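Residue numbers (numbering that gives the first Met the number 0): 0 to 286. Beta carbons are placed, not taken as given, at the ideal position from N, Cα and C, and that holds for glycine. This one's a predicted model, so the numbers in the text were calculated from it and none came from an experiment. See structure below.
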Amino acid sequence: MGLTIIGCGYVGQALARRLQPQRPQLGLTLTTTRQERQGALRPLADEVMVCDATDPEQLLKSLQNSRTAVFCLGPKGNQQVDEEGYRHTFVDSFHCLRLLLPQLPQLRQILYTSSCSVYGDANGDWVDETTPASPGPGHGSVLLESEQLLGAINDRTVCILRLGALHGPGRDLDERLKGLAGQARQGEGNTFTNWVHVDDAAGALEAAVDGHWSGVVNVVNDQPIRVRDLVEQSLAHQGLATVQWMGGLEPQSDGRRIRNQRLKQLGYRLLHPNVDQSGVFSANQVP
Ligand SMILES: NC(=O)c1ccc[n+]([C@@H]2O[C@H](COP(=O)([O-])OP(=O)(O)OC[C@H]3O[C@@H](n4cnc5c(N)ncnc54)[C@H](OP(=O)(O)O)[C@@H]3O)[C@@H](O)[C@H]2O)c1
């Protein structure tokens with residue numbers, strides 16, 4: 000029985016591209032909230048539906064023939080979406096899903112792409128799925144609340160994949176960082192960042208579907224990298240002038256380094272173990 004991807008942006012489409020050519024029998028349904036996107040999504044699926052996941056009628060229709068639902072939602076609008084935007088997108092959608100579950104007995108598996116931002120700060124320490132999430136106020140706390148809504152569903156298999164920051168085609172790191180060339184920046188750039196290539200986000204989702212993963216799984220690459228190292232190595236590789244770190248933003252946190260041990264124990268092999276686009280990144284190996 001079918002699989003529905005609710006929310007086909009960057010990750011949802013990457014998953015659809017993996018699934019559709021290999022599995023003609025799958026019965027893949029994709030959703031968009033925008034009529035005008037249906038045409039673009041149609042080649043990737045058996046069916047495309049207009050669905051706002053906060054609308055019970057539309058969500059029910061999108062899921063009623065599926066055994067698996069993959070929620071790859073993201074708030075709409077510009078990059079700086081506020082907490083309310085996150086709440087509407089995730090919390091309202093999952094309340095809606097929970098209300099519908101009695102009408103969806105065939106839906107056995109629910110997956111959701113959450114974010115490592117639920118971990119909050121750990122002063123540069125390593126965190127894993129057993130580390131209590133502590134995002135502080137803001138969108139991270141809304142994402143945690145969203146996870147809890149799904150985690151409380153106990154009669155279906157629920158898997159929450161906490162993604163690192165995404166990179167890949169269309170979100171290329173060199174492209175995003177080249178504008179910093181030659182700049183003077185405040186701070187030291189010490190904060191760790193945790194990345195995952197979009198192909199690995201989609202690959203882990205596919206493995207989670209096939210392997211019936213449950214619970215929380217971090218989906219990040221092997222090498223958390225400090226902002227300073229990320230920027231400098233990318234600029235060097237592009238032959239661009241380095242950034243000058245001016246200090247003066249103390250106290251600054253080192254952030255946190257996310258472990259991907261569970262991902263590996265579940266058998267997933269990363270296609271992109273680091274953000275390397277040049278063959279030169281080697282820092283910050285997992286101990
Ligand atoms: N981007 C990152 O770096 C990152 C990092 C960590 C975690 N994640 C997680 O991964 C998720 C997906 O990321 P992404 O980059 O693929 O996001 P994206 O490109 O913004 O795509 C999100 C999709 O959600 C759909 N959507 C928004 N509101 C909806 C609603 N109410 N009902 C149904 N669909 C709705 C939109 O569909 P239409 O516009 O077609 O209607 C959009 O295509 C994020 O939200 C987050 O939880 C992302």
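Where the beta strand (DSSP E) containing residue i begins and where it ends
i, result
"His236", "Unbroken run through His236 is the alpha helix (DSSP H), Val226 to His236; no beta strand (DSSP E)."
"Glu46", "Glu46 to Val49"
"Tyr111", "Gln108 to Ser114"
"Gly1", "Gly1 to Ile5"
"Val215", "Gly214 to Val218"
Residues of its chain near residue i, where Cβ-Cβ distance is below 7 Å and the 5 sequence neighbours each way are ignored
i, result
"Val141", "Glu82, Tyr85, Arg86, Phe89 and Val90"
"Gly324", "An answer regarding residue 324 cannot be provided, because it is not within the stretch 0 to 286 covered by the chain."
"Trp212", "Cys158 and Leu265"
"Glu144", "Val90"
Helix, strand or coil at residue i [DSSP, three-state]
i, result
"Leu148", "helix"
"Ala164", "strand"
"Thr28", "strand"
"Ala282", "Residue confidence for Ala282 is low, a pLDDT of 39 falling below 50, so the modelled location carries little weight and cannot support an answer."
"Ala183", "strand"
"Val242", "coil"
"Arg255", "coil"
"Arg170", "strand"
"Val274", "coil"
"Gly139", "helix"
"Thr53", "coil"
"Thr88", "helix"
heavy atom of ligand 1 below 8 Å from residue i C-beta
i, result
"Pro74", "yes"
"His271", "no"
"His87", "yes"
"Asp51", "yes"
"Gly163", "yes"
"Gly254", "no"
"Tyr9", "yes"
"Ile224", "no"
"Leu142", "yes"
"Leu92", "A small fix is needed here, since residue 92 is Ser in this sequence, not Leu. It does: the Cβ of Ser92 is within 8 Å (strictly closer) of some heavy atom of ligand 1."
"Thr287", "Nothing in the structure corresponds to residue 287, since the chain is present only between 0 and 286."
"Ile152", "no"
"Glu158", "Rather than Glu, the amino acid found at residue 158 in this sequence is Cys. Answer for Cys158: no, Cβ out of range of ligand 1."
"Ser65", "no"
"Thr28", "no"
"Thr112", "yes"
Residue i, enclosing alpha helix (DSSP H) - first and last residue
i, result
"Gln264", "Gln260 to Gln264"
"Arg66", "Taken as a continuous stretch (DSSP letters only), Arg66 belongs to no alpha helix (DSSP H), being part of the beta strand (DSSP E) at Ser65 to Phe70."
"Val197", "Val197 to Gly210"
"Gly287", "A question about residue 287 goes unanswered here, because the residues of the chain that appear run from 0 up to 286."
"Pro20", "Tyr9 to Gln21"
Contacting residues, own chain, Cβ-Cβ under 6 Å from residue i (five flanking each side not counted)
i, result
"Val219", "Gly163, Asn193, Val195, Ile257 and Asn259"
"Gly11", "Ile4 and Cys71"
"Glu146", "Ser113 and Ile159"
"Asn283", "Low local confidence applies: a pLDDT of 38 at Asn283 is under 50, so the model's placement there is unreliable, and no value is given."
Own chain, CB closer than 8 Å to residue i, minus 5 neighbours either side, in chain order
i, result
"Arg66", "Met0, Gly1, Leu2, Gln105, Leu106, Arg107 and Gln108"
"Leu270", "His196, Asp198, Asp199 and Gly202"
"Gln182", "Val242 and Gln243"
Does the region 195–202 come within contact of the region 233–246, defined as at least 3 CB pairs closer than 8 Å?
-> no
Below 8 Å, can you find three or more Cβ-Cβ pairs linking the region 25–34 to the region 48–63?
-> yes
Could you say if the region 96–103 and the region 39–58 meet the contact criterion of at least three C-beta pairs nearer than 8 Å?
-> yes
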